[in-house]
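For the sequence shown, my numbering begins at 296 and goes up steadily by one. Here is the structure we will look at, set down as structure tokens.
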Amino acid sequence: MIQTAQLTEMPLAGMYEEKVYEGPHENDTWTWVKFEDEFYHDTYGQFRGKPVATALSPNNDYCYVLTDILLYEINRQNPDSYAICDYYSFGGTMRDITLTPEGTLLIASYYQIYILEKPLCDIEGEVYNVVQSISSTLNGEVDYIQFKHWDKHILHIEAVNFYSSEKKVFLTYDAETKMLAYVLMPKREDNL
């Protein structure tokens, strides 16, 4: 069973077991992910597209790998079994992913945050018919959403103010209440 997944460089040929995870798009760029199982055995996965993020939780049966063109869902018990979602099926660009402490997948596009409570492999049809936006409170005011880190059940998020590309915006998502909120940062007083 996959225990860890980390973005890495291409391994030396023949040093480790390798698996190619194909996708529907022809692309000369590849992402490499180092997987470790419960016996500390390393395997390397090769995925189409530029590397973006990985997400793994003990409370989810799947490991997720996001490249700039595809989202891969790998069965942690059987890594040969995987599903793929591209931006056509999702309905836009996927910029970041994370898993809540309960194991629910969150996906960030440029302007929205979505929750997917069902595995990709169980979805019939387009993914955009199943994902739910949790960022309606943002009112299109933010851009370049990035998930930063979890502090227990609170996800810290960074974005850019849509109307002022110079200004960073900080948000939190509470996985227990499923509420998104702005974080007011204290004003810095310069002694100049």
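Here a beta-carbon is modelled for each residue, glycine too, at the ideal position from N, C-alpha and C.
Would a C-beta distance cut-off of 8 Å place residue i and residue j closer than the cut-off?
i    : j    : result
L351 : I408 : no
L307 : T393 : no
P396 : H320 : no
T338 : L302 : no
F330 : G340 : yes
I369 : Y382 : no
Y423 : F385 : yes
K489 : E453 : Residue 489 lies beyond the stretch modelled for the chain, which goes from 296 to 487, so this question has no answer here.
D391 : Q427 : no
Y439 : Y405 : yes
Measure the C-alpha to C-alpha separation of residue i and residue j and round it to an integer number of angstroms.
i    : j    : result
Q372 : L433 : 37 Å
D469 : M310 : 42 Å
I429 : L475 : 7 Å
G435 : D323 : 34 Å
V437 : N456 : 5 Å
A300 : D356 : 13 Å
G387 : V425 : 14 Å
H336 : V328 : 14 Å
I478 : M389 : The question names Ile, yet the displayed sequence has Val at residue 478. The alpha-carbon atoms of V478 and M389 are separated by roughly 24 Å.
T326 : D375 : 17 Å
D332 : P353 : 12 Å
S459 : K314 : 44 Å
I379 : M305 : 21 Å
So, helix, strand or coil for residue i, using DSSP?
i    : result
L433 : helix
N373 : coil
S459 : coil
T472 : coil
Y311 : coil
L302 : strand
E453 : strand
T324 : coil
H448 : coil
L466 : strand
Do we get a CB-CB distance below 8 Å when we pair residue i with the residues of chain D?
i    : result
E313 : Structure shown: chain D not included; a single protein chain is present.
Practice item. Enumerate, from N- to C-terminal direction, the unbroken alpha helix (DSSP H) stretches of 4 or more residues contained entirely within the segment 381-426. Key: 382-385
**Study point:** At least 3 beta-carbon pairs within less than 8 Å: the segment 390-403 vs the segment 411-427
**Key:** yes
Check your understanding: Considering only residues of the segment 331-368, which uninterrupted alpha helix (DSSP H) runs meet the minimum length of 4 residues and lie entirely inside it, listed in chain order?
Key -> none
Check your understanding: Do the segment 341-349 and the segment 359-375 touch if we need at least three Cβ pairs shorter than 8 Å?
Key -> yes
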